[in-house]
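> Chains as they are written, first to last, in this note's numbering: chain A, 1 to 575; chain B, 576 to 1150. Ideal Cβ placement from N, Cα and C applies to all residues, glycine included. Note that the coordinates shown come from a computational prediction; the quantities given were computed from them, not determined experimentally. Take a look at this one; I'll ask things after.
2 protein chains.
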Amino acid sequence: MATKLILHQTHHTLADFEGIFKTIREFSKVDGLHLFPELFLTGYPLQDLVLQRAFIDTYLGFQTGLDAWARACPKASWRALLGGLRFEMESSGIPTKIKNVIYELVPGEGLRVLYTKRLLPNYDIFDEQKYFTPGTANAYYDFGGHTFGLQICEDMWASSFHELDPCEDMAREVREKNLNLSAVINLSASPFEAAKRKKRFERAKNISLLFECPFVYVNRVGGEDEILFDGASFVASGARLSLELKHFEADERSFELEALTGDYQGKPNFRPENTWEGLFSPRIDTRTTPATLKSWTDQECADVFLALKFGLQEYARKSGFRKFLVALSGGMDSALVLAVVKLSLSPQQSVEAIYMPSIHSAPASTELSEELCRRLRIPLSYFPIKFLHAMVRNSFTQGFPDPFEGLVDVNVQSRLRGLLLYTRSNQTGAMVINTSNKSELAVGYSTQYGDSVGAISLLGDLYKTEVYRLARYLNENFGDPIPAGIIERGPSAELRAGQLDQDSLPPYDRLDPILEGILSYRLSKTQLQGLGFSAQEVTKVLELYLKSEYKRAQFCPILKVKAKSFGFGYRVPMT
Amino acid sequence: MATKLILHQTHHTLADFEGIFKTIREFSKVDGLHLFPELFLTGYPLQDLVLQRAFIDTYLGFQTGLDAWARACPKASWRALLGGLRFEMESSGIPTKIKNVIYELVPGEGLRVLYTKRLLPNYDIFDEQKYFTPGTANAYYDFGGHTFGLQICEDMWASSFHELDPCEDMAREVREKNLNLSAVINLSASPFEAAKRKKRFERAKNISLLFECPFVYVNRVGGEDEILFDGASFVASGARLSLELKHFEADERSFELEALTGDYQGKPNFRPENTWEGLFSPRIDTRTTPATLKSWTDQECADVFLALKFGLQEYARKSGFRKFLVALSGGMDSALVLAVVKLSLSPQQSVEAIYMPSIHSAPASTELSEELCRRLRIPLSYFPIKFLHAMVRNSFTQGFPDPFEGLVDVNVQSRLRGLLLYTRSNQTGAMVINTSNKSELAVGYSTQYGDSVGAISLLGDLYKTEVYRLARYLNENFGDPIPAGIIERGPSAELRAGQLDQDSLPPYDRLDPILEGILSYRLSKTQLQGLGFSAQEVTKVLELYLKSEYKRAQFCPILKVKAKSFGFGYRVPMT
Chain A
1 MATKLILHQT HHTLADFEGI FKTIREFSKV DGLHLFPELF LTGYPLQDLV
51 LQRAFIDTYL GFQTGLDAWA RACPKASWRA LLGGLRFEME SSGIPTKIKN
101 VIYELVPGEG LRVLYTKRLL PNYDIFDEQK YFTPGTANAY YDFGGHTFGL
151 QICEDMWASS FHELDPCEDM AREVREKNLN LSAVINLSAS PFEAAKRKKR
201 FERAKNISLL FECPFVYVNR VGGEDEILFD GASFVASGAR LSLELKHFEA
251 DERSFELEAL TGDYQGKPNF RPENTWEGLF SPRIDTRTTP ATLKSWTDQE
301 CADVFLALKF GLQEYARKSG FRKFLVALSG GMDSALVLAV VKLSLSPQQS
351 VEAIYMPSIH SAPASTELSE ELCRRLRIPL SYFPIKFLHA MVRNSFTQGF
401 PDPFEGLVDV NVQSRLRGLL LYTRSNQTGA MVINTSNKSE LAVGYSTQYG
451 DSVGAISLLG DLYKTEVYRL ARYLNENFGD PIPAGIIERG PSAELRAGQL
501 DQDSLPPYDR LDPILEGILS YRLSKTQLQG LGFSAQEVTK VLELYLKSEY
551 KRAQFCPILK VKAKSFGFGY RVPMT
Chain B
576 MATKLILHQT HHTLADFEGI FKTIREFSKV DGLHLFPELF LTGYPLQDLV
626 LQRAFIDTYL GFQTGLDAWA RACPKASWRA LLGGLRFEME SSGIPTKIKN
676 VIYELVPGEG LRVLYTKRLL PNYDIFDEQK YFTPGTANAY YDFGGHTFGL
726 QICEDMWASS FHELDPCEDM AREVREKNLN LSAVINLSAS PFEAAKRKKR
776 FERAKNISLL FECPFVYVNR VGGEDEILFD GASFVASGAR LSLELKHFEA
826 DERSFELEAL TGDYQGKPNF RPENTWEGLF SPRIDTRTTP ATLKSWTDQE
876 CADVFLALKF GLQEYARKSG FRKFLVALSG GMDSALVLAV VKLSLSPQQS
926 VEAIYMPSIH SAPASTELSE ELCRRLRIPL SYFPIKFLHA MVRNSFTQGF
976 PDPFEGLVDV NVQSRLRGLL LYTRSNQTGA MVINTSNKSE LAVGYSTQYG
1026 DSVGAISLLG DLYKTEVYRL ARYLNENFGD PIPAGIIERG PSAELRAGQL
1076 DQDSLPPYDR LDPILEGILS YRLSKTQLQG LGFSAQEVTK VLELYLKSEY
1126 KRAQFCPILK VKAKSFGFGY RVPMT
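Here you go:
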């Protein structure tokens, strides 16, 4: 008899126990082995939630209910493997150990723990060692005459900074015990990064070759603040990708294990891939002088575009917003933000643009903003700030003897825009989308409480050259939503007469690889010079970067599309 | 011959290798055993700095230089135990293991590793398992015919969430090997919390009783963004506190080991103290109905006051500020902030106050602000916002059809103040000190980019009732800097006519224990009701708390004076 495996690529809000239970009740009509993602029973990442009594009580109640429900089910030929939490409590009810486990759900019998996650990621955004106790043993699962090796997410990754490689340890045990695995099953909650899927497949292929059986990978879908889970579950049979599920969307696929054909002749490559450098997917091309940032492929652009739309919608849905508000400047960043927002809208949603020119805004900025909104069919409000700007200047000149010029004057304009934008947001209940990019954030090229405001940042993980790349991709694939004039004009904050970004910064095609070197490779000044940059520009960039930490500390959440982003996983001293 | 131990309670900026080397050169003229804090050679906490190539290269260069310097020293009777980092590298130069160790420095011989920290704290603000590999063995050190047990910071704490208790493990080994310890030495980098010193002494006493010898504790001094290290190094000889060093100030003390007298007759109490609840120093008095927040003692007020002054000055010094700017409202929070800033000033520094009344500001607010500044001898700028407020309102009424009222109107006033405050800050180069308190932050009772702005928050870890308590303490001990009228009037944001905090919130003497229950105990709604609060008020507070996460996410660093604070150690999902 054929053995059916069903991959459930689920998409639930954190701790949506009702929705999760509903999903379980529905699948249980179908015979076969049902597979659900890591921490399916709670959602991920939970952070301090796992320590809150209200959460613990609710979860334990849910777990007890689920167990009782399964016991009451008639005996049947379905089983389910689901990721969940296991709490070990003191008598006082304080959890002493929390484990990230795989439960088996058996009709007529209930819920039981099969496996505890062995590798707890604790780098970058991951804090699992803060909360969880690791498992100490491999686990196998028998179903339909087959034996399956079990893993949770990080267990599939060897690394130079974990002592243990669970794959190699399982391979050793399989040899010793003479086991014959029909598949390795990995339940995951693995965040999206541009180009990460390729890395996952590569690793999966090697695991499949190592065990000479399919590797079954079930990942969750969800946007948790800045962290995006893309699903894209799959089955690798040796070097062959036998099955792949949707990206950034709930999906379900089943297959018959016996029908899978694979080629397991290759030799697995098991060098540790998770070195610090490998982990942060370096994307600098060092063959050129100076080094350059590798340009995104069309596929990478498509993935990032999908990720941004998904992340925006997840954040809006959970925060209860149906309206969006974007401040246009006539420049590239705000135009791309507006286009992405517009292209992500559902029928019940709307977006409004507001253009707030100052005395330094070029006439072209007005025209290009209008043209952009015409193309996107978005209402544009024109709200000049020159009178308010003049009034603040006059009040200050009367009230204080100090000069009102330079940075003082520049920042007032930016902060007036922030104030007006949020006033408009308060009027309409719209969510303000931030328009800063990663290059700006890295060098502090923004005004705190001015153009840096927003509920969420779409472009905060995209360097300026990537902003241009994505804009061109959208124009090529979505009927030129962005006027060519916006893409072609030089970047300027327009806060002083004739101001251009390039006057105070290296050109972006040099700035961006320097920044990537600093942020992802953590290179020193000497090493950056070795990549072909001048001591002067490297020093300038490092200075700007180091002294703008305080601005990043108060920045909004950034949708994460890279291995190393500003945001939750970025932990540096400020002073 | 007597054995001299010298405790160096040092105060260096992170990675100030020059200053650190200078300190070492100076002490080396004195014979005896010199003790320095945890990670003395680098500073703490370093976070992602330990992964940056520039930092690694500089540190390794410094370490090599130090080793060479010590080798070149003439043989002498001094030794030093110093906390530092140990990097284990791949051939490519990528660190595979980083250890938090104790080095011994020997004149004529150089630097060698004695001990690796066994317990790596990874809760709350601590991320040590992200970076460091733990040690696996106890270590002992022989000097002057004595044997010393070695520990680093967390090693002294047993806990229900660490598998290992290094004290008990060392006690077992001491018995097995029949060792005779003359002291247990603990090199620490342990952050300040109100009432933590008492807990440290208590634990130290028990360790001293366990080993029947003195416990020598050397802690660092420093303010690292929100985290404050208070020094307060000490020697415990059984239940006796033989020596205590200064609080929040570099200090150095020496003593002769043989001259210490102690009473080691008591029985040590070794139950794990670091349960989740013990760790977060709960301060709710549950004997009353409803439960109340325990009031600070005068000593705790003095400690917190010292901590706030120290933290402010550390942040200002490292950010290069000599001027401070505080927005006064006529209310309690801003008055206390101004008083703390004023009382912390050095002769080269100055503070300016600015009062920005709106149409809703009471005349009493003006008078009280003036009276406050008179008492504190601080210049007060009077900058009414009513014209700007009216102009924004008029522009909006002309530009948009939507009503300009309620929250829209309230927030404009607050944001105008934020804008003007930062404009003034840009004019004078002054650091803006935030005036929010912990109760406000917890319920989101503030305007984003409005009254929530600032470079650093002094009161963000103090509940409103603690703000009043500290104000009264300052008045009693520093000649009434704060007018009684400010302490006695009801709290109000003055953004609507006749607005009082109590109209939309439970009274602070009920709100604060509810918040402490949520934040430090992580209590559920049911449990809070069990403490004597009504379902209605608990639900209201929980709702306000949960929906204001996005405001806290963009808040400035908060000087941490409690075990559980908003800030770096507070990690919760936003949506």
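Give me whichever residues DSSP pairs with isoleucine 227 of chain A in a beta bridge.
Bridge partners of isoleucine 227 of chain A: A/Glu224.
> At the level of alpha carbons, what is the spacing between leucine 1034 of chain B and glutamine 1111 of chain B?
Looking at the two C-alpha atoms, the distance is approximately 28 Å.
> Would threonine 711 of chain B pass as an interface residue toward chain A - the criterion being a Cβ-Cβ separation below 8 Å?
Not an interface residue.
> Anything in chain B within Cβ reach of valine 572 of chain A, meaning under 8 Å, just list it in chain order.
Going along chain B in sequence order, the residues near valine 572 of chain A (Cβ under 8 Å) are Gln622, Asp623, Leu624.
> Could you confirm whether any beta carbon from chain A is found closer than 8 Å to the beta carbon of glutamine 924 of chain B?
Not closer than 8 Å to any Cβ of chain A, the Cβ of glutamine 924 of chain B fails to qualify, so no.
> Which stretch, first to last residue, makes up the beta strand (DSSP E) that contains methionine 391 of chain A?
Taken as a continuous stretch (DSSP letters only), methionine 391 of chain A belongs to no beta strand (DSSP E), being part of the alpha helix (DSSP H) at 386-399.
> When you compare the CB positions of phenylalanine 324 of chain A and methionine 431 of chain A, do they come within less than 8 Å of one another, or not?
In this structure, methionine 431 of chain A lies closer than 8 Å to phenylalanine 324 of chain A by Cβ.
> Using a C-beta cutoff of 8 Å, does proline 525 of chain B count as contacting chain A?
Past the boundaries of the shown model lies residue 525 of chain B; chain B is included only from 576 to 1150, so the question cannot be answered.
> Can asparagine 138 of chain A and glutamine 129 of chain A be called in contact, C-beta distance under 8 Å?
Contact flag unset, no.
> Glutamate 224 of chain A versus chain B: which residues are under 7 Å apart at the beta carbon?
What glutamate 224 of chain A touches in chain B: Pro1148.
> Which two residues bound the contiguous alpha helix (DSSP H) that contains isoleucine 486 of chain A?
Its alpha helix (DSSP H) spans residues 484-488.
> Taking only the alpha-carbon atoms, compute the straight-line gap between lysine 562 of chain A and aspartate 908 of chain B and give it to the nearest angstrom.
The alpha-carbon atoms of lysine 562 of chain A and aspartate 908 of chain B are separated by roughly 41 Å.
> I'd like to confirm the pairing. Which residues does DSSP put opposite tyrosine 355 of chain A in its beta bridges?
Answer by DSSP bridge pairing, in chain order: A/Leu328, A/Tyr382.
> For valine 453 of chain A, name the three-state secondary structure that DSSP assigns.
Looking at valine 453 of chain A - three-state DSSP - the assignment turns out to be coil, as it is neither helix nor strand.
> Which same chain residues end up closer than 7 Å to phenylalanine 404 of chain A when comparing Cβ atoms and leaving out the 5 residues on each side of it in sequence?
These residues qualify, in order along the chain: Arg393, Phe396, Thr397.
> Give the interface partners of cysteine 1131 of chain B over in chain A, defined as CB-CB distance under 9 Å, in chain order.
Within 9 Å Cβ-Cβ: Tyr550, Ala553, Gln554.
> Considering only their Cβ atoms, is the gap separating tyrosine 957 of chain B from tyrosine 930 of chain B smaller than 8 Å?
Taking 8 Å as the Cβ cut-off, tyrosine 930 of chain B and tyrosine 957 of chain B qualify as a contacting pair.
> Candidates B/Tyr1096, B/Ser1123, B/Val681, B/Leu689: which alpha carbon is nearest phenylalanine 48 of chain A's?
Looking at the sequence shown, residue 48 of chain A is not phenylalanine but aspartate. Among B/Tyr1096, B/Ser1123, B/Val681, B/Leu689, the Cα nearest to that of aspartate 48 of chain A belongs to B/Tyr1096.
> Where does threonine 640 of chain A land, buried or exposed, given buried means 16+ other C-beta within 10 angstroms?
The first residue shown for chain A is 1 and the last is 575, placing residue 640 of chain A beyond what the model contains.
> Does chain B have any CB closer than 8 Å to the CB of leucine 388 of chain A?
Closer than 8 Å to some Cβ of chain B, the Cβ of leucine 388 of chain A qualifies, so yes.
> Taking 8 Å as the cut-off, decide whether the C-beta atoms of arginine 693 of chain B and proline 766 of chain B are in contact.
Cβ distance not < 8 Å, so arginine 693 of chain B and proline 766 of chain B don't count as in contact.
> Buried or exposed, going by whether 16 or more other CB atoms sit within 10 Å of the CB of lysine 342 of chain A?
Its Cβ being crowded by 16 or more others within 10 Å, lysine 342 of chain A is buried.
> Tell me which residue opens and which closes the alpha helix (DSSP H) that valine 441 of chain A is part of.
The sequence as given places leucine at residue 441 of chain A; valine does not occur at that position. Here the alpha helix (DSSP H) through leucine 441 of chain A covers 438-443.
> If lysine 75 of chain A sits next to glycine 32 of chain A, beta carbons under 8 Å apart, how far is it from one beta carbon to the other, in whole angstroms?
About 15 Å separates the two Cβ atoms, so there is no contact after all.
> Report the neighbours of lysine 1100 of chain B on chain A: residues whose CB is nearer than 9 Å to its CB, in chain order.
Within chain A, the residues near lysine 1100 of chain B are Ala54.
> Could you check what DSSP says for alanine 577 of chain A in three-state terms: helix, strand or coil?
Residue numbering for chain A in the displayed model covers 1 to 575; residue 577 of chain A lies beyond these limits and cannot be assessed.
> At the level of alpha carbons, what is the spacing between glutamate 202 of chain A and alanine 195 of chain A?
Between glutamate 202 of chain A and alanine 195 of chain A, the C-alpha separation is close to 11 Å.
> Within a Cβ cutoff of 8 Å, which residues of the same chain sit near leucine 293 of chain A, ignoring the five residues on either side of it in sequence?
Cβ within range, chain order: Arg283, Ile284, Asp285, Tyr463, Thr465, Glu466, Asp509, Asp512, Pro513, Glu516.
> Check each candidate in B/Asp717, B/Phe1053, B/Gly618 and name the one with the smallest Cα separation from aspartate 800 of chain B.
Measuring from the Cα of aspartate 800 of chain B, the nearest candidate turns out to be B/Gly618.
> Let me confirm a value: isoleucine 486 of chain A is counted as buried when at least 16 other C-beta atoms fall within 10 Å, else exposed. Which label applies?
Under this definition isoleucine 486 of chain A is a buried residue.
> Name, going along the chain, the residues of the region 1018-1036 of chain B whose beta-carbon falls closer than 8 Å to a beta-carbon of chain A.
Under the 8 Å Cβ criterion, the region 1018-1036 of chain B contributes Gln1023, Tyr1024, Val1028, Ala1030.
> Would you say lysine 752 of chain B faces chain A, with C-beta separation under 8 Å as the test?
Answer no: the Cβ-Cβ gap between lysine 752 of chain B and chain A never drops below 8 Å.
> Which residues in chain A have a C-beta closer than 9 Å to the C-beta of methionine 966 of chain B? List them in chain order.
Residues of chain A passing the Cβ test: Phe387, Leu388, Met391.
> Going by the DSSP bridge assignment, what does isoleucine 207 of chain A pair with across the sheet?
Answer is none; isoleucine 207 of chain A lacks a bridge partner.
> Whose C-alpha, out of B/Phe804, B/Ala758, B/Gln988, is nearest the C-alpha of threonine 722 of chain B?
When each option's Cα is compared against that of threonine 722 of chain B, the closest is B/Ala758.
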